[in-house]
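So the sequence shown is numbered by UniProt numbering: it starts at 1 and just counts up by one.
These notes concern the structure reproduced below.
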Amino acid sequence: MKDKRILYVSSEVVPYLPETEISSMSFETPRMVNQQGGQIRIFMPRYGNINERRHQLHEVIRLSGINLVVNDLDMPLIIKVASIPKERIQVYFIDNDEYFKRKATLTDEDGNLFEDNDERAIFFAKGVIETVKKLNWSPDIIHVHGWLASLLPLYLKQFYKDEPLFNESKIVTSVYKSGFEKTLNPDLVKKIKFDNIEEDKIKLLKDPTYNNLMKVAIDSSDALIVGSEDLPEELTKYLNDSDKPVLGYHAKDEFSEAYTNFYTTSVLD
1 MKDKRILYVS SEVVPYLPET EISSMSFETP RMVNQQGGQI RIFMPRYGNI NERRHQLHEV
61 IRLSGINLVV NDLDMPLIIK VASIPKERIQ VYFIDNDEYF KRKATLTDED GNLFEDNDER
121 AIFFAKGVIE TVKKLNWSPD IIHVHGWLAS LLPLYLKQFY KDEPLFNESK IVTSVYKSGF
181 EKTLNPDLVK KIKFDNIEED KIKLLKDPTY NNLMKVAIDS SDALIVGSED LPEELTKYLN
241 DSDKPVLGYH AKDEFSEAYT NFYTTSVLD
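Now the structure itself:
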């Protein structure tokens, strides 16, 4: 992976959030590429329960200051950055007071999904892409982890399809068991259609369940990785029917060689 550029976009990354299957692999995979001489960038949301002082986050003024339109509303984009100790790895944080200041990640204290998680996902996808454009950094691979990041493949392939910086980029999505019950805001389709994304690309999101959100991500990805040992049967079938390269599940302690081979032979080849 020497000199390859890989953009990692995740809903959660250790050490900034507790260790889960997603947050752990969102750290271990870029660390692997970094150790192999690749160039990496990691993006995640700046949730309000991330301790900025402890993790030494600071705002990057030159990258902040633009507004992103979400459902006809101008939302200011704030970019913060921190370094993972001992790893020489920088993490970029997408922030906005309206969407990410609350002291929680995706659910309230009763475990209910936030009503605006759909808009947070749109804002996060656009925020990552606009920041990478400002960095003028063209990735060879864009690897997506977690459902809050799952609109990124759709937006890259549709809303940003004429953006030359991503012309050669290949999108890999890791599909995990960890999702949510019930559905996101039923107006999600309307909000995405505001960005002139064709309805046939998002018709599944008329019922915005976790499985349907991941199916839309699968449709817009170039290659896929099974991130959990036990996926919902519905997603396993959709992956198998996708006619795209799919890497089966590999645990954290044995993934390195398989992921490297998949990147080099199935994604970049």
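Each residue gets a CB set at the ideal place from its N, CA and C atoms; glycine is no exception.
Given the structure is predicted, the values throughout are model-derived calculations rather than measurements.
Pairwise C-alpha distance: residue j and residue i
{"i": "Asp3", "j": "Glu168", "result": "15 Å"}
{"i": "Ile197", "j": "Ser150", "result": "15 Å"}
{"i": "Leu213", "j": "Asp140", "result": "24 Å"}
{"i": "Thr173", "j": "Ala217", "result": "7 Å"}
{"i": "Ile89", "j": "Ile66", "result": "25 Å"}
{"i": "Tyr210", "j": "Glu199", "result": "19 Å"}
{"i": "Glu98", "j": "Thr105", "result": "13 Å"}
{"i": "Gly111", "j": "Pro208", "result": "18 Å"}
{"i": "Met44", "j": "Lys157", "result": "20 Å"}
{"i": "Asp95", "j": "Lys101", "result": "8 Å"}
{"i": "Ser26", "j": "Leu73", "result": "31 Å"}
Candidates the options: closest to residue i by CA position
{"i": "Phe255", "options": "Tyr8, Leu113, Met32, Leu77", "result": "Met32"}
{"i": "Lys193", "options": "Phe159, Val128, Thr107", "result": "Phe159"}
{"i": "Lys103", "options": "Asn49, Leu154, Leu156, Gly65", "result": "Asn49"}
{"i": "Val128", "options": "Asp118, Leu113, Val144", "result": "Val144"}
{"i": "Pro30", "options": "Met44, Leu68, Ile6", "result": "Ile6"}
{"i": "Lys161", "options": "Lys177, Ser242, Lys190, Asp195", "result": "Asp195"}
{"i": "Gly37", "options": "Tyr8, Tyr47, Met1, Ser10", "result": "Met1"}
{"i": "Pro153", "options": "Gly179, Leu184, Ala121", "result": "Ala121"}
{"i": "Phe114", "options": "Leu148, Glu163, Lys170", "result": "Leu148"}
Exposure of residue i, with buried meaning 16 or more beta-carbon neighbours within 10 Å
{"i": "Trp137", "result": "exposed"}
{"i": "Ile61", "result": "exposed"}
{"i": "Val175", "result": "buried"}
{"i": "Glu21", "result": "buried"}
{"i": "residue 282", "result": "Here the chain comprises residues numbered 1 to 269, so residue 282 is not present and cannot be evaluated."}
{"i": "Leu77", "result": "buried"}
N-terminal and C-terminal residue of the beta strand (DSSP E) that residue i is part of
{"i": "Ala217", "result": "Premise fails: Ala217 lies in the alpha helix (DSSP H), 210-219, not in any beta strand (DSSP E)."}
{"i": "Ile94", "result": "89-95"}
{"i": "Thr131", "result": "Thr131 -> not in any beta strand (DSSP E); alpha helix (DSSP H) instead, spanning 117-135."}
{"i": "Met75", "result": "73-76"}
{"i": "Phe27", "result": "Careful: Phe27 lies outside any beta strand (DSSP E), inside the alpha helix (DSSP H) at 21-35."}
{"i": "Thr173", "result": "170-175"}
{"i": "Ser64", "result": "First-last for Ser64: undefined, no H or E at that position."}
Cutoff 7 Å: residue i Cβ touching any chain E Cβ
{"i": "Tyr176", "result": "The chain inventory of the structure shown lacks chain E, comprising one protein chain alone."}
Extent of the continuous alpha helix (DSSP H) run through residue i
{"i": "Tyr238", "result": "233-240"}
Three or more C-beta pairs under 8 Å: does that hold for the segment 216-236 against the segment 118-132? no
Inspect the CB distances between the segment 232-239 and the segment 248-264 and report whether three or more fall short of 8 Å. no
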